[in-house]
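Structure first, then comments.
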Amino acid sequence: MSLHPMVVLLVCALSAAALTACSDDPVEQGAADPNNAANNDAPDANDDPDGDDPDDGGQTSSDAMDEPDLPEEDPGPLPERPWDITERGFYEVGYRTIEVTYTPEGLGEPRTLRVPIWYPSRSKRGESPKYMDILPREGVYEGVSVGIDAPAPVMVFSHGNQGFSEQSFFFTEYFASHGWIVIAPGHTGNTLFDMISPRPPWMFDARPQDLTQTLDELYNLPDDDPLAGLLSEEDVVISGHSYGGYTTLASAGARYDVEGLLEECERRLGDDEQCTYITQSQARYEAGFADERFKVAIPMAPGNSSVFMDGIAQVDIPVLHMTGVMDQQVRKESEGDPIWDWLDGADDLRLQFPRGGHLTFTDSCTLVPGVGRDDGCGDDFVVASEAHVIINAYAMAFARFHLFGDEDNADLLSGQRTLSEEAVLLSK
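In the working numbering, the protein residues as written are 475 to 902.
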């Protein structure tokens, strides 16, 4: 198997102070080895703020946000809405991290998550952070004051297999600049920096529980935390890339094909770790991991559809399904098209990039030119910066329309207006 692109990126980062986004090992989709760490591995036996729109006892450890030592300059009033969704918003972007420790159901041992948070601010008094202590980010300010005084909509983002929380910062920073609070839990044991190989079957349980537990903790911040009470409990969107796309579908209510998984295990004599785990976890998979707080789902290049099959039709919230036709890791024929066929909501849309690859939905191509040239970053693919504008705009329009009834960009969602020939919008 070829060297994982994220490992290549880490080498580049350490030598040039630049680190990029997640991708998964290039493998054929369909029947994949569950012991393989590639994105399409599955626990089944046959897998080779917009400020104006505004538990199980886990513990949260929070780094306090330092208030600026100097007086704030008056930033003046924000422009009236609507704001141009093809541009960064008018808030400054604040950034902090917390830790969340909890014990997932079925695991029996606690796990601690590193959770970056982006939030709207009016201040530039903070220092620029280094994502994962490696990647410096200008235009983002660590620990600055919060710039809203009413609950803001929430975006929860799930990174890809062997990725990290900040892998798609073009997306997370953009939403924060438009007034959202953005949360991106790091899935411990499945990140670039602590990945367990081969990937254990329990990771399919842990990932959606990571998202639910993180939300629980942030809704119960201590009163003296600057973000306490500022996360809307009604306006919550979930998104994720690749294996994070699987996590998105699971958290949005996709039903697991437990019967099919067990039948395949029986054909394989049920003598491997995956089959043993599926049998032991049958009741939990039958219950699923839906979190009803999520009102909109935006999976990007999701894989692992074989764990759900037509159970994907059980997702009953609006879904904006993003895919790249030239994706070499989550292929159109075995993942993108079947997932779209199984989605059956009247509001579901598919944003397809004819020249998009797997890394199109990350920041890899812009930070380390030459990496991933065969899956999103080469001359044959859409320019990453153009794709990111399109991804952000459609995601914002879709989220605001379904959360707030905002029709400012309804013509974009209906297909009457397009942003670029690089993207095709499909509806049911």
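Beta carbons are placed, not taken as given, at the ideal position from N, Cα and C, and that holds for glycine. The structure displayed is predicted, hence computed values, not measured ones.
key: Close-in-space but distant-in-sequence residues of the same chain around valine 711 (CB under 6 Å, 5 per side omitted)   = Met629, Val770 and Ala873
ask   = Considering only C-alpha positions, which residue in the set Gln803, Phe835, Lys806 and Thr753 is nearest to isoleucine 772?
value = Phe835
ask   = For the putative contact between proline 682 and alanine 724, defined by C-beta atoms under 8 Å, what is the C-beta separation to the nearest angstrom?
value = 4 Å
Residue nearest to tyrosine 648 in terms of C-alpha spacing, selected from Leu887, Glu601, Pro594 and Gln636 = Pro594
request  = Could you work out which residue in Leu887, Gly568, Asp790 and Ser671 is closest to serine 619 when comparing CA atoms only?
outcome  = Gly568
message = Among the candidates Val856, Leu735 and Thr646, whose CA atom is the shortest distance from the CA of arginine 562?
response = Thr646
request  = Evaluate threonine 892 with the Cβ neighbour count: other Cβ atoms within 10 Å of its Cβ, from every protein chain shown; 16 or more gives buried, anything less gives exposed.
outcome  = exposed
ask   = For proline 615, which beta-bridge partners are listed by DSSP?
value = Going by the sequence as given, residue 615 is tyrosine instead of proline. In DSSP, tyrosine 615 forms a bridge with Gly568.
query = Do the region 671 to 689 and the region 874 to 894 make contact, defined as three or more Cβ pairs closer than 8 Å?
reply = no
request  = Tell me proline 631's beta-bridge partners as DSSP assigns them.
outcome  = Strictly speaking, residue 631 in this sequence is phenylalanine, with proline absent from that position. Paired residue(s): Ser713.
task = Please say whether alanine 650 and tryptophan 592 have beta carbons closer to each other than 9 Å?
result = yes
ask   = Considering only residues of the same chain and omitting the five flanking positions on each side of glutamine 826, which have a CB-CB separation below 6 Å?
value = Thr797 and Val898
request  = Determine the burial state of glycine 727: buried for a count of at least 16 other Cβ atoms within 10 Å of its Cβ, exposed for fewer.
outcome  = buried
message = Rounding to the nearest angstrom, what Cα-Cα distance links valine 856 and arginine 805 in this structure?
response = 17 Å
message = With H, G and I counted as helix, E and B as strand and the rest as coil, what does DSSP make of threonine 892?
response = coil
ask   = Which one of Asp837, Gln802 and Ser755 has the shortest CA to CA distance from aspartate 679?
value = Ser755
query = Using CA coordinates, which residue listed in His832, Gln788, Leu841 and Thr840 is at the minimum distance from glycine 819?
reply = Gln788
inquiry  = Taking 9 Å as the threshold (C-beta atoms), are arginine 596 and glycine 613 in contact?
reply    = no
key: Proximity below 9 Å, CB of histidine 652 to CB of methionine 870   = yes
message = Against chain B, does aspartate 709 count as a neighbour if the rule is that its beta carbon must be under 9 Å from one of theirs?
response = The chain labelled as chain B is not found in the depicted structure, where only one protein chain is given.
Among Ser779, Ile608 and Tyr615, the one whose alpha carbon lies nearest that of serine 602 = Tyr615
Candidates Arg829, Leu704 and Thr571: closest to lysine 604 by CA position = Thr571
request  = Reducing DSSP to helix, strand and coil, say where threonine 688 ends up.
outcome  = helix
inquiry  = Among Ala775, Asp784 and Glu691, whose alpha-carbon lies nearest the alpha-carbon of valine 732?
reply    = Asp784
ask   = Helix, strand or coil for arginine 767 per DSSP?
value = coil
query = Out of curiosity, what's the CA-to-CA distance linking glutamate 738 and alanine 761?
reply = 20 Å
query = Can you round the beta-carbon distance between serine 632 and threonine 688 to whole angstroms, since I take them to be within the 8 Å contact cut?
reply = With a Cβ gap of about 10 Å, serine 632 and threonine 688 do not count as contacting.
Those residues which DSSP pairs with tyrosine 417 across a bridge = The requested residue 417 is not part of the displayed model; the chain covers only 475 to 902.
C-beta atoms of aspartate 790 and glycine 830 nearer than 9 Å = no
ask   = Mapping DSSP to helix, strand and coil, what is isoleucine 752?
value = helix
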